[in-house]
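First residue of the sequence shown: 1, per UniProt numbering; consecutive thereafter. Quick reminder that beta carbons are idealized off the backbone N, C-alpha and C, glycines included. Beneath this line is the structure, given in structure tokens, with notes to follow.
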Amino acid sequence: MSAMKPIRSKTLYNTRKPPTNYSNESLIKVYCRIRPTDLESNCIKILNNETIETYPPDSSMFKKSNVGKSMHYKFTNIFDEFTQQQTIFDEISLDLIKSALNGENALLFSYGVTGSGKTHSMIGSKNDPGIIVRSLDVIFNSINPSLINIKYRLKPDKMNGYLILDDDEVLSEEQRNYGSIKKRAETPKNKHKHDNNSIEIEDRHVKYSFFVSYFEIYNNSVFDLLHQSDNLTYSKTSLKSLREDKFGNMY
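Written out as structure tokens, the structure reads:
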């Protein structure tokens, strides 16, 4: 997401900044969410809001051989198996969204083994949305009056920046995208439970435009989930390469 004031001339902008030295206050925050389990023998114990203890379950060969030992791990905060999606979102995401809407970079990602609950936390269900869905609701609730209503005027340059197009280029983009947009508009919308929260914007004179990417990273390969071929099916061309710019930023 890039915050900008409207400019008419065609100009190349790079919204990324070179890395700087960070203080302790800007260190990455790491949260742990415990997934509910049906196992009779648990292997995790929450000691306090920041610390968990892990140990081999009673059925484990490590437990029986006395090889396994308990380990302690610390996090920014720990959510037990009863924590609701709304609580997770409010604790983890709201401050990040506020920072992004006020011109700072923001990053949130989930990490865990297969079946650990990443999809539930990030996407959720129609009646109980996850972080991504709630974030989009709050973002558009907050910036709706400040959205730039100039279709095709801004175009990503695929290098963490964007171009501002002139009138002829805007017309060309409209004609090029008309067919694919008409087909995609026929896709039914998933009417999820809406999050009505919003965030106060510090500078109401700022205007916003959105570029959305949706990727899957699997076995060191990156797939563009929004890329579609002419027959609207995913193809090998959705496989993308990661590159690094002169500031060390990946794109």
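Between the CA atoms of residue j and residue i - distance to the nearest angstrom
i: K10; j: I164; result: Confidence is the limiting factor: at K10 the pLDDT is only 46, short of 50, which leaves the residue's position unreliable, though a coordinate-based value still follows. About 5 Å.
i: L147; j: L96; result: 19 Å
i: S2; j: N144; result: With a pLDDT of only 42 at S2, under the threshold of 50, the placement of this residue in the model should not be trusted, and no figure is reported.
i: I99; j: V138; result: In the sequence as displayed, the identity of residue 99 is Ser instead of Ile. Those two C-alpha atoms are separated by around 13 Å.
i: K69; j: Y214; result: 41 Å
i: residue 255; j: N42; result: The question about residue 255 has no answer here: the residues shown for the chain are numbered 1 through 251.
i: K155; j: H72; result: 48 Å
i: F140; j: H120; result: 22 Å
i: E202; j: P56; result: 50 Å
i: S93; j: I132; result: 9 Å
i: G161; j: I88; result: 31 Å
i: G103; j: L136; result: 17 Å
i: K5; j: R153; result: Residue placement at K5 cannot be trusted, given a pLDDT of 39 that sits under 50; what the coordinates show is reported in the next sentence. Roughly 13 Å separates the two Cα atoms.
i: I199; j: V212; result: 20 Å
i: Y218; j: L47; result: 34 Å
i: L225; j: I78; result: 31 Å
i: H194; j: D128; result: 9 Å
For residue i, the first and last residue of its enclosing beta strand (DSSP E)
i: K158; result: It is not in any beta strand (DSSP E) - K158 carries neither H nor E in the DSSP assignment.
i: F215; result: F215 to Y218
i: D224; result: S221 to D224
i: T51; result: T51 to T54
C-beta contact flag for residue i and residue j at 9 Å
i: S142; j: L107; result: no
i: H192; j: K126; result: yes
i: E50; j: I44; result: no
i: G117; j: R176; result: no
i: E81; j: P36; result: yes
i: T83; j: V30; result: no
i: E216; j: F223; result: yes
Backbone secondary structure at residue i - three-state DSSP
i: S74; result: Ser is not the amino acid found at residue 74; the sequence shown has Lys there. K74 falls in the strand class under three-state DSSP.
i: I46; result: strand
i: E173; result: helix
i: F79; result: strand
i: I201; result: coil
i: P129; result: strand
i: S209; result: strand
i: L136; result: helix
i: K240; result: strand
Host alpha helix (DSSP H) of residue i (start-end)
i: R35; result: It is not in any alpha helix (DSSP H) - R35 carries neither H nor E in the DSSP assignment.
i: I88; result: Q85 to I92
i: T119; result: K118 to M122
Spatial neighbours of residue i in its chain, beta-carbon cut-off 8 Å, leaving aside the 5 residues before and after
i: S221; result: L239
i: M250; result: L242, R243 and E244
i: residue 303; result: The structure shown does not extend to residue 303, since the chain spans only 1 to 251, so no value can be given for it.
Other residues of its chain near residue i: CB distance less than 7 Å, five sequence neighbours each side excluded
i: M122; result: S110, G130, I131 and I132
i: G124; result: Q85, G130 and V133
i: K74; result: E50 and T51
6 Å CB neighbourhood of residue i in its chain, flanking five on each side removed
i: D157; result: L163
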